[in-house]
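Asker:
Protein chains in written order, with my numbering: chain A, 24 to 451; chain B, 24 to 451.
This is how it looks when you write it as structure tokens:
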């Protein structure tokens with residue numbers, strides 16, 4: 024297999040040989056993705072936008088309709104030359120992707136259909152560290168089963184499941200190699216789930232921050248920002264990096280590990296055994312410890328996280344000095360570490376997720392002050408600090424999105440109805 | 024213009040509409056690049072490797088030969104099916120690319136022909152900071168003129184000039200926006216050279232570490248490593264990052280600024296005015312200060328850098344305690360900062376250039392020890408530490424390589440001879 028790699032000026036397209044069937048699948052995906060990203064439009068407009076000829080577009084649209092991925096309706100007059108054509112809409116209510124997250128103190132599921140509509144969303148408090156891997160995977164499998172059932176009630180068949188894990192993941196075989204905040208070492212998440220769930224489609228396992236970054240890129244407030252650094256704070260601190268419109272995965276899928284990187288106080292010892300980890304100064308535990316005595320109810324992991332964060336915000340709004348100082352300190356440390364990432368990556372946007380977003384209005388000012396002192400390029404090298412609006416759903420949304428991408432890569436994965444309207448049965 | 028962006032699983036090719044002439048240029052480039060990267064081979068083999076059909080390959084090779092970019096000769100028997108064919112070789116002795124570097128205490132030039140042969144290489148000591156921008160650009164222009172003349176003597180016409188600058192560069196208009204080690208702010212390098220040199224081809228201005236990383240990727244000991252962090256030490260410390268086979272440029276071309284990033288002792292004040300810059304603990308000045316008293320001749324910037332570094336190495340080999348301690352300290356600090364980059368990028372290789380390579384045998388052991396303590400993934404997340412063999416020529420080689428890339432992108436830039444063997448006259 025020949026690969027044309029080029030480094031400098033990546034503008035020119037790669038060229039690889041392709042057979043007819045591959046070209047057809049690729050063109051089906053091209054049209055489907057374009058309808059998702061650019062919105063409903065006529066066949067003529069699709070031809071104009073994509074450079075495909077009109078006859079090809081008509082044939083592709085017919086096939087997508089037969090697979091129930093698009094519908095036609097309404098007359099499109101905007102931008103059309105000659106007589107108006109029927110508008111083609113992305114449909115795909117019959118297929119869905121499932122995102123699952125397991126985190127330190129909860130597991131969550133979210134099911135998206137092909138149009139990006141949320142069909143199912145659930146979140147279950149769970150002490151994953153204490154429960155251990157096997158029992159946690161039992162719970163995750165149960166949640167996936169519930170998600171499948173709820174999706175089926177809506178007439179949607181899942182094409183894939185993606186599991187978000189708070190730690191290092193070897194994507195190739197879906198093993199969580201190292202996730203210190205939940206105490207996991209080399210847990211075979213993919214095999215464990217495969218044995219537990221009644222699903223023969225694709226199951227993927229990914230780092231949670233990477234999936235969150237994908238969600239932000241696909242559907243967040245700064246969607247399609249080519250160069251984006253996503254930082255999320257919970258008990259752990261994660262990073263997802265998007266470079267030139269693509270997730271930076273690294274050689275072994277281990278990129279973006281900012282939480283256990285020496286961006287913090289070099290003397291502080293982290294739970295992972297290292298010194299100076301950023302997590303020790305910007306993680307949720309660091310904030311809570313600075314803001315409240317050990318017996319303060321905001322520390323209680325059995326209480327809902329958003330309620331506890333709302334309490335912190337209320338105290339800050341009431342002018343509580345200790346709370347304000349703690350937030351100021353975390354904001355400064357956020358800026359100190361983020362400056363390194365800005366100097367190295369030069370992103371357009373640093374996007375804050377997780378608790379950083381919930382308490383963002385108290386964090387961004389000290390963060391920006393520190394950034395101004397530390398970023399080498401002028402005006403933060405053009406970077407803006409933005410708060411995510413996806414909240415704690417980013418990882419599950421990213422997981423569902425990734426599961427659905429396989430349909431956009433190859434719409435023929437969804438069986439044709441042959442016009443009989445029968446429900447599709449989707450395998451791997 | 025429609026762009027098909029996809030984030031997750033970048034394996035599938037992008038699809039963009041293309042006219043006949045664009046396809047022809049792209050295929051000419053494809054064949055030319057393949058001959059460079061994979062070596063001489065028959066037309067049949069090229070067809071097999073690239074997926075182009077044989078008739079197309081024959082026509083492309085004929086056109087490349089007419090442009091004197093390839094020659095045919097010798098019979099190729101290896102891997103051929105049916106009767107052997109004449110081997111096609113990359114030629115291109117008639118075209119060359121020019122790389123120029125301006126650094127703190129020297130300017131340098133290197134001219135490569137299309138085959139990667141060095142036609143000209145020169146290095147002139149110069150105190151760029153004291154001389155100022157205008158006089159330095161005069162010197163650079165003079166050096167380019169000499170390079171052009173020397174290349175012409177070898178029968179090679181330059182297709183482009185790339186200038187390496189040790190600081191932030193706005194590539195779009197070739198302005199060196201901020202280069203503290205030479206005291207430059209907003210110097211219009213491109214316009215300044217355009218006015219001074221007799222050359223109407225492409226002139227580009229780039230960050231020196233980025234160009235060095237490109238050279239390493241194209242022709243260094245770890246060529247074609249998809250994920251590579253290149254670190255170079257001189258008076259300044261630079262970083263060039265290659266992600267999935269492409270140079271990471273960042274939103275404004277300001278990426279890789281590791282030297283003035285807070286990866287060092289947080290208390291140390293840098294020449295740039297910030298605290299904690301990595302340069303203050305791993306730059307050449309930090310090493311020399313730790314290794315020798317102020318009046319020691321190794322500090323003398325008027326002496327050749329390689330001689331001074333050889334002296335440091337000789338002292339270390341002789342067991343001089345102070346020298347060994349200084350190298351140990353720099354190696355440890357190199358590891359401390361590189362651990363951050365490994366955690367964030369997860370590269371296959373961290374490649375050390377500049378003085379880090381020259382003194383590498385003293386630096387890598389303490390560096391690796393620190394990395395083992397700090398990198399989050401197992402076994403340095405798979406990263407290897409490698410010393411560059413391109414030495415201080417990396418930036419100029421990268422510059423020449425970039426200049427030549429325009430020919431591989433579009434071989435029709437080189438005029439056809441029409442079989443009369445006349446020298447090509449190459450414009451922009």
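Cβ atoms here follow ideal geometry from the backbone N, Cα and C, with glycine treated the same way.
Hey, out of B:58, B:192 and B:316, whose CA is closest to residue 274 of chain B's CA?
Answerer: Taking only the C-alpha atoms, the option nearest residue 274 of chain B is B:192.
Asker: If residue 108 of chain A and residue 56 of chain A are in contact, beta carbons under 8 Å, what's the gap, nearest whole angstrom?
Answerer: About 20 Å separates the two Cβ atoms, so there is no contact after all.
Asker: Let's see if you can read the secondary structure: which residues bound the beta strand (DSSP E) around residue 72 of chain A?
Answerer: Note, residue 72 of chain A: premise wrong, no beta strand (DSSP E); alpha helix (DSSP H) at 66-73.
Asker: Where are the alpha helix (DSSP H) runs, 4 residues long or more, that stay fully inside the stretch 385-433 of chain B, in chain order?
Answerer: Those alpha helix (DSSP H) runs which fall completely within the stretch 385-433 of chain B and span 4+ residues are 417-432.
Asker: Given a threshold of 16 other Cβ atoms within 10 Å of its Cβ, counted over all protein chains shown, does residue 150 of chain A qualify as buried or as exposed?
Answerer: Residue 150 of chain A comes out exposed.
Asker: Taking residue 230 of chain A as part of the beta strand (DSSP E), name the residues at either end of that continuous run.
Answerer: 225-230 is the span of the beta strand (DSSP E), which, as asked, contains residue 230 of chain A.
Asker: Taking the alpha helix (DSSP H) that residue 175 of chain A falls in, what are its first and last residues?
Answerer: Element bounds for residue 175 of chain A: 156-176.
Asker: Which residues of chain A have a Cβ atom closer than 8 Å to the Cβ of residue 363 of chain B, listed in chain order?
Answerer: Going along chain A in sequence order, the residues near residue 363 of chain B (Cβ under 8 Å) are 284, 285, 286 and 363.
Asker: Cβ atoms of residue 245 of chain A and residue 398 of chain A: under 8 Å apart, would you say?
Answerer: Taking 8 Å as the Cβ cut-off, residue 398 of chain A and residue 245 of chain A do not qualify as a contacting pair.
Asker: Spell out a yes or no on whether the stretch 416-431 of chain B and the stretch 227-245 of chain B are touching, meaning 3 or more CB-CB pairs, one atom from each, closer than 8 Å.
Answerer: Judged by Cβ distances under 8 Å, the stretch 416-431 of chain B makes contact with the stretch 227-245 of chain B, as three or more pairs qualify.
Asker: Compare the C-beta of residue 186 of chain A with all C-beta atoms of chain B and state if any pair is closer than 8 Å.
Answerer: No - not a single Cβ of chain B is within 8 Å of the one on residue 186 of chain A.
Asker: My assumption, with CB atoms under 8 Å, is that residue 390 of chain A sits in contact with residue 361 of chain A. Please give the rounded CB distance.
Answerer: So it is a contact: roughly 7 Å between Cβ atoms.
Asker: For residue 58 of chain B, which residues in the same chain have their Cβ closer than 8 Å to its Cβ, ignoring the five residues on either side in sequence?
Answerer: Once the five neighbours on either side are set aside, the close Cβ partners of residue 58 of chain B are 64, 69, 93, 111, 112 and 113.
Asker: So, under 8 Å CB-CB, residue 154 of chain B and residue 144 of chain B are touching, yes? Tell me the CB distance rounded to an integer number of Å.
Answerer: The pair is not a contact, with the Cβ atoms about 22 Å apart (cut-off 8 Å).
Asker: Taking the Cβ atom as the reference point for each residue, do residue 174 of chain A and residue 181 of chain A lie within a distance shorter than 8 Å?
Answerer: Yes, the pair counts as a contact, with Cβ atoms nearer than the cut-off.
Asker: Residue 230 of chain B touches chain A at which residues, Cβ-Cβ below 8 Å?
Answerer: What residue 230 of chain B touches in chain A: nothing, since even the nearest Cβ is about 11 Å away.
Asker: Output yes if chain A places a C-beta closer than 8 Å to the C-beta of residue 338 of chain B; else output no.
Answerer: Chain A contact via Cβ: absent.
Asker: Establish whether the CB of residue 294 of chain B and some CB of chain A are separated by less than 8 Å.
Answerer: Chain A, which has no Cβ nearer than 8 Å to the Cβ of residue 294 of chain B, makes this no.
Asker: Would residue 82 of chain B pass as an interface residue toward chain A - the criterion being a Cβ-Cβ separation below 8 Å?
Answerer: It does not: the Cβ of residue 82 of chain B has no partner Cβ on chain A nearer than 8 Å.
Asker: Once you ignore the five residues that flank residue 248 of chain A on each side, which residues in its own chain have a CB closer than 6 Å to its CB?
Answerer: Hits under 6 Å: 371 and 372.
Asker: Between which two residues does the alpha helix (DSSP H) containing residue 365 of chain A stretch?
Answerer: Start and end: 344-368.
Asker: Quick one: which chain B residues come within Cβ less than 7 Å of residue 404 of chain A?
Answerer: Result: 275 and 277.
Asker: Rank A:383, A:435, A:368 and A:84 by C-alpha distance to the C-alpha of residue 279 of chain B and give the top, closest one.
Answerer: For the residues A:383, A:435, A:368 and A:84, the minimum Cα distance to residue 279 of chain B belongs to A:368.
Asker: Which residue wins for smallest C-alpha separation from residue 403 of chain A, given the options A:256, A:359, A:440 and A:432?
Answerer: Looking at the Cα atoms, A:359 is the closest of the given residues.
Asker: If the criterion is Cβ atoms closer than 8 Å, does the pair residue 425 of chain B and residue 130 of chain B meet it?
Answerer: No, these two residues do not count as a Cβ contact at 8 Å.
Asker: Return the first residue and the last residue of the beta strand (DSSP E) that residue 113 of chain B is part of.
Answerer: Here the beta strand (DSSP E) through residue 113 of chain B covers 108-113.
Asker: Sorted by chain position, which residues of the same chain lie with C-beta nearer than 8 Å to residue 90 of chain B's C-beta, five sequence neighbours on each side aside?
Answerer: 434, 435, 437, 438, 439, 440 and 447.
Asker: Only counting the same chain, and skipping five residues up and downstream in sequence, which positions put a Cβ closer than 6 Å to that of residue 262 of chain B?
Answerer: Correct list, in chain order: 232, 254, 279 and 281.
Asker: Which residues of the stretch 216-250 of chain B have a Cβ closer than 8 Å to any Cβ of chain A? Give them in chain order.
Answerer: Per Cβ criterion, the list reads 237, 240, 241, 247, 249 and 250.
Asker: Going by beta carbon distance, what residues of the same chain come within less than 7 Å of residue 339 of chain A, once the five residues before and after it are set aside?
Answerer: Excluding sequence neighbours, residue 339 of chain A sits near 346, 347, 350 and 385.
Asker: I want to verify the contact list: residues of chain B whose CB lies under 8 Å from the CB of residue 371 of chain A, in sequence order.
Answerer: The answer, in chain order, is 274.
Asker: Compare the C-alpha of residue 190 of chain B against each of B:123, B:259, B:45 and B:156 and name the closest.
Answerer: Looking at the Cα atoms, B:259 is the closest of the given residues.
Asker: I'd like the span of the beta strand (DSSP E) that includes residue 136 of chain A, first residue to last.
Answerer: Residues 129-136.
Asker: To which residues does DSSP link residue 207 of chain A through a beta bridge?
Answerer: Paired residues: A:202.
Asker: Using a Cβ-Cβ cut-off of less than 8 Å, list which residues of the stretch 377-410 of chain A approach chain B; keep chain order.
Answerer: Correct list: 396, 397, 399, 400, 401, 404, 405 and 406.
Asker: Which residues in chain B have a C-beta closer than 8 Å to the C-beta of residue 281 of chain A? List them in chain order.
Answerer: 366 and 367, listed in chain order.
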